[in-house]
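J.:
Here you go:
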């Protein structure tokens, strides 16, 4: 069995465009050995029937609690993983976004 999914990751800029938002993964259901305790860009998979901007806003809010304004795509890449006998190909799009509201912590 196999699946195909679209995902988005965001380069989210603060209001002054001097910082980007990253998150530290404390767990991962797909690839824990690769991502746990590492920093990454927020985002995730689109659900069937979602528009790309809606999915991007939803995923970033679920992962970080902030609200963004999606901007243009930057890059695209793909990978395949196998979990419980199901091979899934992810096509991921990185996108720019602007911070709208929520709580940001600046680490220096």
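In the working numbering, the protein residues as written are 830 to 937.
Glycine included, each C-beta is placed from N, C-alpha and C at the ideal position.
All values reported here derive from a predicted model rather than from experimental measurement.
1. Scan the segment 871-934 and note each continuous beta strand (DSSP E) run of 3 residues or more that stays entirely inside, going in chain order.
2. Residues bridged to residue 850 by DSSP?
3. According to DSSP, is residue 835 helix, strand or coil?
4. Alpha carbon to alpha carbon, how far is residue 839 from residue 847? Give it in angstroms, no decimals.
5. Using three-state DSSP, classify residue 842 as helix, strand or coil.
6. Ordered along the chain, which non-local residues of its own chain (more than five positions away) have a Cβ less than 8 Å from that of residue 918?
7. What distance in whole Å lies between the Cβ atoms of residue 929 and residue 897, which are believed to be in contact at a cut-off of 8 Å?
8. Going by other Cβ atoms of all chains shown within 10 Å of its Cβ, with 16 needed for buried, is residue 855 buried or exposed?
T.: Taking the structure as given:
1. 872-874, 896-912 and 915-930
2. None, per the DSSP bridge assignment.
3. strand
4. 15 Å
5. strand
6. 831, 832, 833, 834, 907, 908 and 909
7. 6 Å
8. exposed
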